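Residue numbers (the working numbering): 28 to 241. We put the beta carbon where it would ideally sit given N, CA and C, even for glycine. In this text the structure is predicted, and so the values were computed from the model without any measurement. Data block below; observations after.
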Amino acid sequence: MKGRFITFEGGEGTGKTTQIKMLAEYLQSKGIEVVLTKEPGGTPIGQELRTMLCTGDKDKFDAVAEALLYYADRRIHLQQKILPALVEGKWVISDRFADSTMAYQYYGYNKRVPKQTLEELYKMTVGDFYPDMTVILDINPEIGLARSMARNNSSVVQETRHESRGLEFHNNLRNGFLEIAKTSPRYNVLNADKTIDELHNDIIKLIDERLLNA
Ligand code: TMP
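Here it is in structure tokens:
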């Protein structure tokens, strides 16, 4: 496989989507072919799963059912979009991947789903394949949720299922991402409480050091 796979992770309202677009433009300016994608919803079937997962009542199903649906989305996403692009030598940047399941469905829900179950689901659906680099955008959940709610208020579809969980969930989630970051050198935690341009500069510095000039 010739391409690179970069994932962006973090809680609500970190500015991931804006940063990913800016990074894609930067890489394209260096002559790299980039595929931008996201989870859930990186494929047509994934879009249907996204509607199921991200809208409606927060308690309409539990963390196990959620994890299974996120992994179904992930498997389809890998087979239909991520792997074919990497084989063609493209760089794939995904707005969330499997670390979100560990952070939201395990840490967020206060470890109610066994961690081992999620690790086994990873092995079964993704196999021995990992992102080349994962950028975790970290922000105080009170600031992130306020940003995210402001964005949702101005959009037609209300994707507020996870935002509507309490602050305890979001604090667990943040700590979960920081725990996950300790497990491999592929993780890079960046402070997202900055201006858009400052954060973009931090991201390209990282990409230059770790991937472009490595
Ligand atoms: P986003 O567009 O803000 O990233 O929305 C996706 C939502 O889905 C977000 O609230 C995080 C949640 N999510 C999970 O709970 N588990 C997962 O595995 C993934 C990929 C997303």
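DSSP beta-bridge partners of residue i
i, result
"R31", "W118"
"I163", "E36 and V216"
Close beta carbons around residue i, own chain, < 7 Å, minus the five adjacent residues each side
i, result
"I72", "I103"
"L96", "L76, M79 and L80"
"L32", "This sequence places Phe at residue 32; Leu is not what is there. Hits under 7 Å: I109, L113, V119, P158 and D159."
"T41", "L164, I166, G171 and A219"
"K85", "R188, S191 and R192"
"R306", "The shown model of the chain, from 28 to 241, leaves out residue 306, and the question about it has no answer."
As assigned by DSSP and simplified to three states, the class of residue i
i, result
"K150", "helix"
"V61", "strand"
"F204", "helix"
"R192", "coil"
"P141", "coil"
"S127", "helix"
"P158", "coil"
"P71", "helix"
"K221", "coil"
"N180", "helix"
"E236", "helix"
"G171", "helix"
"S211", "coil"
"K48", "helix"
"T78", "helix"
"Q185", "coil"
"D84", "coil"
Own chain partners of residue i with C-beta closer than 6 Å, once the 5 adjacent residues on each side are dropped
i, result
"G116", "K29 and G30"
"D235", "none"
Cβ-Cβ distance between residue i and residue j below 8 Å
i, j, result
"N199", "G135", "yes"
"E190", "L164", "no"
"E75", "F124", "no"
"L54", "V61", "yes"
"T161", "E39", "no"
"E93", "Q132", "yes"
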